[in-house]
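Per my numbering, the sequence shown starts with residue 25, numbered consecutively.
Beta carbons: idealized from backbone N, C-alpha and C, even for Gly.
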Amino acid sequence: MRWNVFLQTTSIEIQWVRDTPFVGKEIIKDHGVDLKLSTTFAGFEKNGDQISVKTKDGQTIQADIVILAIGVRPDVEIAKQAGLEIGTFGGIRTNDRMQTSDPSVFAVGDCIETKDFVTGDWTNIPLAGPANRQGRIAADAIMGRDTTYKGVLGTAICKVFEGVVACTGLSEKMLQRKNRSFQKYYLYPNHHVGYYAGAEQIHMKVLFDPNNGKILGAQAFGTEGVDKRIDILSVAIYAGKTVHDLEDMELCYAPQFGAAKDPINLAGMIGSNFMNNDHPLCHWGKNENALLVDVRSKAEYDDGHVPNALNIPLPELRIKKGELPKDKTYYVYCRVGQRGYYATRLLLLNGFRVKNISGGYLSYEAMK
C-alpha cells in the first residue's frame, strides 16, 4: 500500500519536521510513505470512490481517505460569553495560579494560554502532562495553598514507525521569530557504547544562549535512548542549567545502558568548547566561495562528498597543512563532527582561520 503525506505551513508550529532535518525521512519512506514536504494543498475534488487532492504546485494526488492532522484550536465559546480574557492564540488567559481574568474562575488544560517557561511569553500548548499539573495547581490555589505554575516547556515525544522523535523547549524557528540570540549544534552519538551489541545512533540538535550558555531547547530522533536524553534536557532547562552543567552531569553508566561520556555529556562538551572559544562552529549554507576541507578517509570521500571539497584525511593533515595558505578561511567537516573538531584544533593552533561544520556530512545529507 502506498501512502502520500504532505505538510503545509499553518498557524501551528510543525516543530519536528521543520526544525529537525533528521526526523527519519528514510525510515518513513522505507515504510511506503511518499513524503511531500513544504507542499501546500489547494483543494479537494470528489472523483468516484476517491478524493483528488490538488496542491498549489499543480500536483493531483488520488486518495481513498484524507486526514487533516493540523492540530487543534481551543473551544472557548462559553468563556467568551462569560467575558473572560481570550489571548492571541485563542485560549483563555490564566495567571500562575490558573485563575482567569475573573479570579473566581479557574481554567486548565488545552483551552488555556499560559506562559512559556523559557521566554515568559504567552503560549498555548495542548499536552496532557501540563494539563494534569495545572489541575493540581488550581486545586491547591482553591484550597489556599501558595502553589504556582512555572510555565510550559512543550516537552513531547512521538513514535515514527521504529523511530522516536522528541523535543523540549524552543525550536530554531521559534527563536528566530522572537529575534532571540541563540547558537545551535548537531551531534550523533550512540545511545550506549559502540563496542556493546545493539548500539543505535541518536540524532540530536541542541540550542542554547551564546551569552550565558543556558539551554533553550533540543530535538532528537533515533530508535533507542531518545526519551531519556530529552527528559534530562527538559529537567536541565527547567533548572536553568547551562551547557557547562551538562558537561558535568553524572549519569548511569554500564555498557548496555550508556557511555562514560553520555550523549548528554557530549552535548555539554560541544557547547562548552564553543563558549570557551575552543571550537569555532558553523553550519551548512550556500557559499560558493567557501574552502571546504573533508577530513574523512579517501574511501569515505569517494563514497559521497560535498561538491568541490578538498579531501585531506585527518591522519595526513598534520603533514599537508604546510601546503595550505594561511590567508584563507577553511570550513572543515567529517562524518559527524568529531574528526572535524580535531582538525579544527590542529589548524587553529598552527595559525589558520578555520571553522568546524556542525554535524558534518550526516547533517549535509539530511538537509539536501
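**Prompt:** Exposed or buried, what is A93 when buried is set at 16 or more other beta-carbons lying within 10 Å of its beta-carbon?
**Reply:** The count along the sequence shown starts at 1 and reaches residue 93 at position 69. Counting Cβ neighbours within 10 Å, A93 comes out exposed, since fewer than 16 surround it.
**Item:** Inside the segment 251 to 328 only - alpha helix (DSSP H) runs reaching at least 4 residues
**Value:** 267 to 272, 287 to 299, 322 to 327
**Prompt:** Along the chain, where does the beta strand (DSSP E) that runs through N380 open and close?
**Reply:** The residue given as residue 380 occupies position 356 in the sequence shown. Run containing N380: 377 to 381, per the beta strand (DSSP E) assignment.
**Message:** Could you compute how far the alpha carbon of N148 sits from the alpha carbon of I116?
**Reply:** Walking along the sequence shown from the start, residue 148 turns up at place 124. Walking along the sequence shown from the start, residue 116 turns up at place 92. C-alpha separation (whole angstroms): 9 Å.
**Request:** Confirm, please, whether the CB-CB distance from D351 to A333 is below 7 Å.
**Result:** Against the sequence shown, residue 333 aligns to sequence position 309. Against the sequence shown, residue 351 aligns to sequence position 327. The Cβ-Cβ distance between A333 and D351 does not fall below 7 Å.
**Proximity below 7 Å, CB of G175 to CB of D140** = Here residue 175 corresponds to residue number 151 of the sequence shown, with the count starting at 1. Here residue 140 corresponds to residue number 116 of the sequence shown, with the count starting at 1. D140 is positioned such that its CB atom lies closer than 7 Å to that of G175.
**Neighbourhood of G364 by C-beta, 7 Å cutoff - its chain only, sequence neighbours within 5 removed** = To locate residue 364, count along the sequence shown from 1; it is residue 340. Counting only Cβ-Cβ distances below 7 Å, and skipping sequence neighbours, we find V319, V356, Y357, C358, N380, I381, G384.
**Item:** DSSP-derived helix/strand/coil call for I102
**Value:** Locating residue 102 in the sequence shown gives position 78, counting from the first residue. DSSP places I102 in helix when its eight states are reduced to three.
**Message:** Between the alpha carbons of V230 and G72, how many angstroms are there, rounded?
**Reply:** On the sequence shown, position 206 is the one that residue 230 refers to. On the sequence shown, position 48 is the one that residue 72 refers to. Computed Cα separation, rounded: 48 Å.
**Message:** If you reduce the DSSP assignment to three classes, tell me which class T172 lands in.
**Reply:** One-based indexing of the sequence shown puts residue 172 at position 148. Three-state result, T172: coil.
**Item:** Neighbourhood of Y12 by C-beta distance below 6 Å, restricted to the same chain and skipping five residues each side
**Value:** Since the displayed the chain opens at 25 and closes at 392, residue 12 lies outside it and no answer follows.
**Residues sharing a beta bridge with V77, DSSP** = The residue given as residue 77 occupies position 53 in the sequence shown. Per DSSP, F68, I85.
**Prompt:** Does DSSP put M122 in a helix, a strand or coil?
**Reply:** Reading the sequence shown from its first residue, position 98 is the one you call residue 122. DSSP places M122 outside both helix and strand once states are collapsed to three, so it counts as coil.
**Request:** Tell me whether Y385 sits in a helix, a strand or coil according to DSSP, three-state version.
**Result:** As a working note, residue 385 is residue 361 in the sequence shown. Three-state DSSP puts Y385 in a helix.
**Prompt:** Looking at the structure shown, is C135 part of a helix, part of a strand, or coil, going by DSSP?
**Reply:** On the sequence shown, position 111 is the one that residue 135 refers to. DSSP places C135 in helix when its eight states are reduced to three.
**Message:** Just verifying my parser: in three-state terms, what is the DSSP assignment at L372?
**Reply:** One-based indexing of the sequence shown puts residue 372 at position 348. Helix at L372.
**Prompt:** Whose C-beta lies closer than 7 Å to the C-beta of K238 among residues of the same chain, with five residues either side of it excluded?
**Reply:** Numbered from its first residue, the sequence shown carries residue 238 at position 214. Same-chain partners within the cutoff: F232, G264, T266.
**Prompt:** What is the rounded straight-line gap between the Cα of Y262 and the Cα of R157?
**Reply:** Start at 1 with the first residue of the sequence shown, and residue 262 comes out as number 238. Start at 1 with the first residue of the sequence shown, and residue 157 comes out as number 133. Roughly 15 Å between the two C-alpha positions.
**Message:** Once DSSP output is grouped into helix, strand and coil, what is the label at G218?
**Reply:** The residue you call residue 218 lines up with position 194 of the sequence shown. Looking at G218 - three-state DSSP - the assignment turns out to be coil, as it is neither helix nor strand.
**Item:** Simplified DSSP assignment, three categories, for R201
**Value:** Your numbering for residue 201 matches position 177 in the sequence shown. Note: R201 maps to helix in three-state DSSP.
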